Structures are given as structure tokens and as C-alpha cells.
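Enquirer: Would you mind keeping the following structure in view while I ask a few things?
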Amino acid sequence: MATIRCDIVSAEAEIFHGEATLVVATGEEGELGIAPRHAPLITRLKPGKVIVTQPNGEVLDFAISGGILEVQPQVVTVLADTAVRAQDIDEAAVKSAIEEAKRALAHKDPKMSAEEAQAQLAMSLAQLSALERLRKNLKH
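As C-alpha cells, this is what we get:
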């Protein structure tokens, strides 16, 4: 089975390093599926998901705040400001962050700019979506 190395790196740490048979990410123009022998590519990623299918069939789900995806002949690299594995997401903290961002947008909170609130809201919604996908997959 053909594989490609996948590295997911955030500003804080390396989140994932391993082999994959497929990497799916949310690009600015839509979903991207990267398989082994994919053509070289660099594109921006929106806040959303990165899903890595490993050679053993295990699917890993990550939520990212946006970033850059680079595809080279032997490696796919995701460079994200923040990235988190779905199983590491704290649902209560995410819901609290969503409410805080919504309040900041509605009331023009001086402690948080509209851009910061929108970025926080987008990342929080991506994390909540990752949790929902994880729960759905666990039921099957």
C-alpha cells in the first residue's frame, strides 16, 4: 500500500508525524484530498479539519485554526497556528469560548477585537465539529 508522510505542526508543538494513505484538509477553495504521489502544492487552509487516514485504517481527526498546507513528493506538511486532536478537545472550554466570542462580536468588547473574536469563534466551531465527528465514528 502506498503511503505519504504527514506532519502536522502548530506554533506550540509537533502534533502528528507519521505515514498516511490519505490526508483531507479544508482549503480556502474547499476540501482537499491528498493521496500518495499527489502533485506538489501549496495552499492556505481555513479553520476546520484535517483528517489523516493511516495505513492500518485508523482515522485521526484534528481541528486547526487555519494555516498552510504544503505537498511535496514524499511529505504533506500542515503548518497551523493552533491544532488539536479531536480526543483532546475540552467541550466545556470550547462552548465557553464560543459564547465569549459571540458576546464580543455582539457588544464590541474592548478586550477582544472583532478579528480576534471571529478567529476564536471559527477555531471553536472547528473543534466542536471535530468532537461531533469523533462521537459519530465511535458509535459505528
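The sequence shown: position 114 = 114 (the UniProt record's numbering), numbered continuously. Yeah, the Cβ is synthetic: ideal placement off N, Cα and C, and Gly gets one too. Since this is a predicted model, take the numbers as computed values, not measurements.
1) Rounding to the nearest angstrom, what Cα-Cα distance links A13 and P110 in this structure?
2) Mapping the DSSP letters down to three states, classify E70 as helix, strand or coil.
3) For E70, collect the residues of the same chain with a Cβ closer than 6 Å to its Cβ; drop the 5 residues on either side in sequence, then sort them by chain order.
4) Count the C-beta pairs between the stretch 124-134 and the stretch 77-95 that are closer than 8 Å, then say yes if the count reaches three, no if not.
5) In three-state DSSP terms, what is A92?
6) Put H17 into one of helix, strand or coil per three-state DSSP.
7) Can you tell which of R5, D7 and I15 has the C-alpha that lies nearest to the C-alpha of D88?
8) Taking 8 Å as the cut-off, decide whether the C-beta atoms of V84 and I51 are in contact.
9) What are the start and end residues of the beta strand (DSSP E) that includes A80?
Expert: Considering the structure as presented:
1) Taking the sequence shown and counting its residues from 1, one reaches residue 13 at position 13. Taking the sequence shown and counting its residues from 1, one reaches residue 110 at position 110. Each residue's alpha carbon lies about 30 Å from the other.
2) To locate residue 70, count along the sequence shown from 1; it is residue 70. Three-state result, E70: strand.
3) In the sequence shown, the residue the question calls residue 70 occupies position 70. Answer for E70: I42 and T77, listed in chain order.
4) yes
5) By one-based count along the sequence shown, residue 92 stands at place 92. Correct three-state label for A92: helix.
6) As a position in the sequence shown, residue 17 is number 17, starting the count at 1. Reduced to three states, the DSSP call for H17 is strand.
7) On the sequence shown, residue 88 is found 88 positions in, with the first residue counted as 1. Ranking R5, D7 and I15 by Cα distance to D88 puts I15 first.
8) In the sequence shown, the residue the question calls residue 84 occupies position 84. In the sequence shown, the residue the question calls residue 51 occupies position 51. Not in contact: V84 and I51 (Cβ atoms no closer than 8 Å).
9) Indexing the sequence shown from 1 puts residue 80 at position 80. V75 to A80 is the span of the beta strand (DSSP E), which, as asked, contains A80.
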